[in-house]
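Chemist: After the C-alpha cells below, expect a handful of questions from me.
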Amino acid sequence: MRFVKDEVNTTPIEDTVFAVVKKAKAAIAELGEDRVINATIGSLYDEDEKLVAFETVFHHYDEITKETKAAYAASFTGNDDFREQVYNWVCQNHKLNLKHRVIATPGGTGAVSLCFNELLDEGQTAIIPEIAWGSYALMAEMHNLKIARYSLFKDNHFDMESFQKTCLKVLDEQNKLMVVINDPCHNPTGYSLSIQEWETIIQFLNECGEKAPVVLLNDIAYIDYAYDCQHSRDYLKTLESMSEHVMCVIAFSCSKTLTSYGLRCGAALALSASEEAVRSVEIVFEKTARALWSNIPNAAMDNFTYVTSVDKDAYLAEKAKYVALLKQRSEVFLKEAEEVNLPVYPYKEGFFITVAVPDNSLRDLYHEALMKEQIYTVKVNHGIRVAVCSLSVKHCYGLAERMKDIWDQIKGA
Numbered sequence: 001m002r003f004v005k006d007e008v009n010t011t012p013i014e015d016t017v018f019a020v021v022k023k024a025k026a027a028i029a030e031l032g033e034d035r036v037i038n039a040t041i042g043s044l045y046d047e048d049e050k051l052v053a054f055e056t057v058f059h060h061y062d063e064i065t066k067e068t069k070a071a072y073a074a075s076f077t078g079n080d081d082f083r084e085q086v087y088n089w090v091c092q093n094h095k096l097n098l099k100h101r102v103i104a105t106p107g108g109t110g111a112v113s114l115c116f117n118e119l120l121d122e123g124q125t126a127i128i129p130e131i132a133w134g135s136y137a138l139m140a141e142m143h144n145l146k147i148a149r150y151s152l153f154k155d156n157h158f159d160m161e162s163f164q165k166t167c168l169k170v171l172d173e174q175n176k177l178m179v180v181i182n183d184p185c186h187n188p189t190g191y192s193l194s195i196q197e198w199e200t201i202i203q204f205l206n207e208c209g210e211k212a213p214v215v216l217l218n219d220i221a222y223i224d225y226a227y228d229c230q231h232s233r234d235y236l237k238t239l240e241s242m243s244e245h246v247m248c249v250i251a252f253s254c255s256k257t258l259t260s261y262g263l264r265c266g267a268a269l270a271l272s273a274s275e276e277a278v279r280s281v282e283i284v285f286e287k288t289a290r291a292l293w294s295n296i297p298n299a300a301m302d303n304f305t306y307v308t309s310v311d312k313d314a315y316l317a318e319k320a321k322y323v324a325l326l327k328q329r330s331e332v333f334l335k336e337a338e339e340v341n342l343p344v345y346p347y348k349e350g351f352f353i354t355v356a357v358p359d360n361s362l363r364d365l366y367h368e369a370l371m372k373e374q375i376y377t378v379k380v381n382h383g384i385r386v387a388v389c390s391l392s393v394k395h396c397y398g399l400a401e402r403m404k405d406i407w408d409q410i411k412g413a
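In terms of the numbering used here, the sequence shown is residues 1 to 413.
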C-alpha cells in the first residue's frame, strides 16, 4: 500500500555528512582531540574547536523582547525593513539599475528550494555544477526535475566550454533554462569566478535568452567570508547587462553571515530588467512560502536588520578576525599540499578545500583509508572535502602530507 504520491522516490535519505560527523565525535571521545582530525563540520569554529557565535549577533538577539520573538512576521514575504536591508546588504555600494524583489526564506536553503519548486515544470531539467552541494540534486529529485551537470574546472579555471555546451543541450530539449552557480566561495571547492568569467556567462545567457527564458540561480551562502569582502559584490555589475529574457535569483543566507545556523533566516532576491518579471516571481514565491512555512522567525529578521545596519561596524570588525583565521588555515593547508603534490581543486576563498579525486570509486577507498588514520572528511562528487572553517590551525599543519601519504598508498594498492 503506497500513501505518498506515485512520482516521489521513497528511498531513505543517506546523510553521509552527519554519519561521518558522528564517527569523528566518537573517535574524539575515545582518543582525545589531539589524535583526531575532524574536518567534517561545515560551520565556523574557533581555535579551541568550539562553534563560533558572534558576540555582536547574539548580544542583540538576547535583548530582543520575548514578545518580538513570539510574534508572527509582518508578511509571508518577510518584514519590510528586513527585505530592504537584505537588498542593501547583498548589493552594498552597488546601486543596480535592475528591478528587484526580496522574499524572506528559512535560510539560504529555502531560497534555493523556492527556485527548484517554482521556476521549472515537473520533468524539466535543472543545470548544476558537477561538483556541488548535494542538496541541489535532492531538491531536483523531490520536485520531479531532472538534472544536467556541467564540468566545473578545466586547467584550473571555470570550464566555460562545458557550461555552455550543457546549457545549449538542455535548451534544445525544453523551453526554459535554470542554471545554478554557487559564487563566490563555492561549496565545496572554494573557487570564486573572475569578473571576466561573469561577463562571459551573462553574455552567453543573453544569447540563450533569445530562444527561451533563462533563470540564473546564484547561491551566495558564503559571500561574507570572501577574503576580499569589499569587492565580493563586484560581479553584481555584470548583471546589469542581462536582457529582459534573463533573470537572476540570488539565494542569501543570514544564517551563514551571522553564524546563526539554527535560526533559519535567509532570502531570495530576484533581479531583472523587467518589473513584470520580478513581480510575477514575487507573487508565486509568496504563495509558496504561505503554503510551505507560512513565515520565518520574526526575531531573526529583526536581529539581521539591526546587526547589519545599526551595529554594522562592530559586526564587521568581529567577522574580520574569523575571515583572517580562515585565510590562515587555508594558506597552511594549501602551501603544504603544493609541497607534497596533493592534488586540490582551485581554491580562492571560503569554508572548504576539496582534494581532487576524479574517480569516485578511488575516492570511496581513500575516504575509508583516511578514517582508519583518524582523519575525518566528507565525500563529494570527484573529491574529498576538507572543512577548514572548523579545523584549527594546529590541525592544519601536517594534514596535507598525511593525506598525500595515504593517497599514495591507495593508488599503489
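By construction, the Cβ of each residue, glycine as well, lies at the ideal position given by its N, Cα and C atoms. Just so you know, these numbers come straight off a predicted model, no measurement behind them.
Taking 9 Å as the threshold (C-beta atoms), are Thr257 and Gln85 in contact?
Modeler: no
Chemist: Using 10 angstroms around the beta-carbon of Val8, count the other beta-carbons present and answer buried if the total reaches 16, otherwise exposed.
Modeler: exposed
Chemist: Is the distance from the Cβ of Gln409 to the Cβ of Ala369 below 9 Å?
Modeler: yes
Chemist: Which value, in whole angstroms, describes the spacing of the CA atoms of Thr200 and Asp121?
Modeler: Cα to Cα, Thr200 sits roughly 28 Å from Asp121.
Chemist: Please look up how many angstroms separate the CB atoms of Thr68 and Asp224, rounded, as I've assumed it's under 8 Å.
Modeler: Their Cβ separation, rounded to whole angstroms, is 24 Å, which puts Thr68 and Asp224 out of contact at 8 Å.
Chemist: Could you give the distance in angstroms between the alpha-carbon of Asn88 and the alpha-carbon of Thr11?
Modeler: 42 Å
Chemist: Determine, using beta carbons only, whether Ile353 and Ser390 come nearer to each other than 9 Å.
Modeler: no
Chemist: How about the segment 209 to 216 and the segment 176 to 196: do they share at least three Cβ pairs that are nearer than 8 Å?
Modeler: As far as the Cβ criterion goes, the segment 209 to 216 touches the segment 176 to 196, which means the pair count is three or higher.
Chemist: Quick check: Thr377 and Val386, are their CB atoms within less than 9 Å of each other?
Modeler: yes
Chemist: On the premise that Phe351 lies in contact with Asn187, defined as a C-beta separation below 8 Å, what is that separation, rounded to the nearest angstrom?
Modeler: 7 Å
Chemist: Rounded to the nearest angstrom, what separates Arg363 and Ala356 at their Cα positions?
Modeler: 9 Å
Chemist: In whole angstroms, what separates the C-alpha of Val170 from that of Ala148?
Modeler: 8 Å
Chemist: Quick check on the burial criterion: 16 or more other C-beta atoms within 10 angstroms. Buried or exposed for Gly108?
Modeler: buried
Chemist: Whole angstroms is fine: what's the gap from Leu399's alpha carbon to Phe158's?
Modeler: Each residue's alpha carbon lies about 27 Å from the other.
Chemist: Within the same chain, show all residues whose beta-carbon is closer than 6 Å to that of Gly209, passing over the 5 residues directly before and after it, in chain order.
Modeler: Ser243, His245 and Val246
Chemist: Just how far apart, CA to CA, sit Ala53 and His59?
Modeler: 10 Å
Chemist: Give the straight-line distance between the Cα atoms of Phe304 and Lys99, rounded to the nearest whole angstrom.
Modeler: If I take the Cα positions, the gap works out to 23 Å.
Chemist: So the candidates are Ile103, Asn97, Gly262 and Glu30; which of them puts its Cα closest to the Cα of Phe285?
Modeler: Ile103
Chemist: Given 8 Å as the limit, tell me if Val170 has its C-beta closer than that to any heavy atom belonging to the ligand COA.
Modeler: Among the components of this structure there are no ligands whatsoever, and the ligand COA is therefore not found.
Chemist: Please state if the CB of Thr105 and the CB of Ala273 are separated by a distance shorter than 9 Å.
Modeler: no
Chemist: Since Asp81 is in the alpha helix (DSSP H), which residue starts that stretch and which ends it?
Modeler: Asp80 to Cys91
Chemist: Considering only their Cβ atoms, is the gap separating Ser135 from Val112 smaller than 9 Å?
Modeler: For Val112 and Ser135, yes; Cβs fall inside 9 Å.
Chemist: Leaving out five residues on either side along the sequence, give the residues of the same chain with a beta carbon under 6 Å from the beta carbon of Cys396.
Modeler: Arg329, Val332 and Phe333
Chemist: For the candidate residues Gly110, Val249, Cys167 and Arg83, whose alpha-carbon lies nearest to that of Gln124?
Modeler: Ranking Gly110, Val249, Cys167 and Arg83 by Cα distance to Gln124 puts Cys167 first.
Chemist: Could you compute how far the alpha carbon of Arg264 sits from the alpha carbon of Lys411?
Modeler: 42 Å
Chemist: The alpha helix (DSSP H) spanning Arg264 covers which residue range?
Modeler: Note, Arg264: premise wrong, no alpha helix (DSSP H); not H, not E.
Chemist: Here's the rule I'm using: 16 or more other beta-carbon atoms within 10 Å means buried, otherwise exposed. How should His94 be labelled?
Modeler: exposed
Chemist: Mapping the DSSP letters down to three states, classify Asp219 as helix, strand or coil.
Modeler: strand
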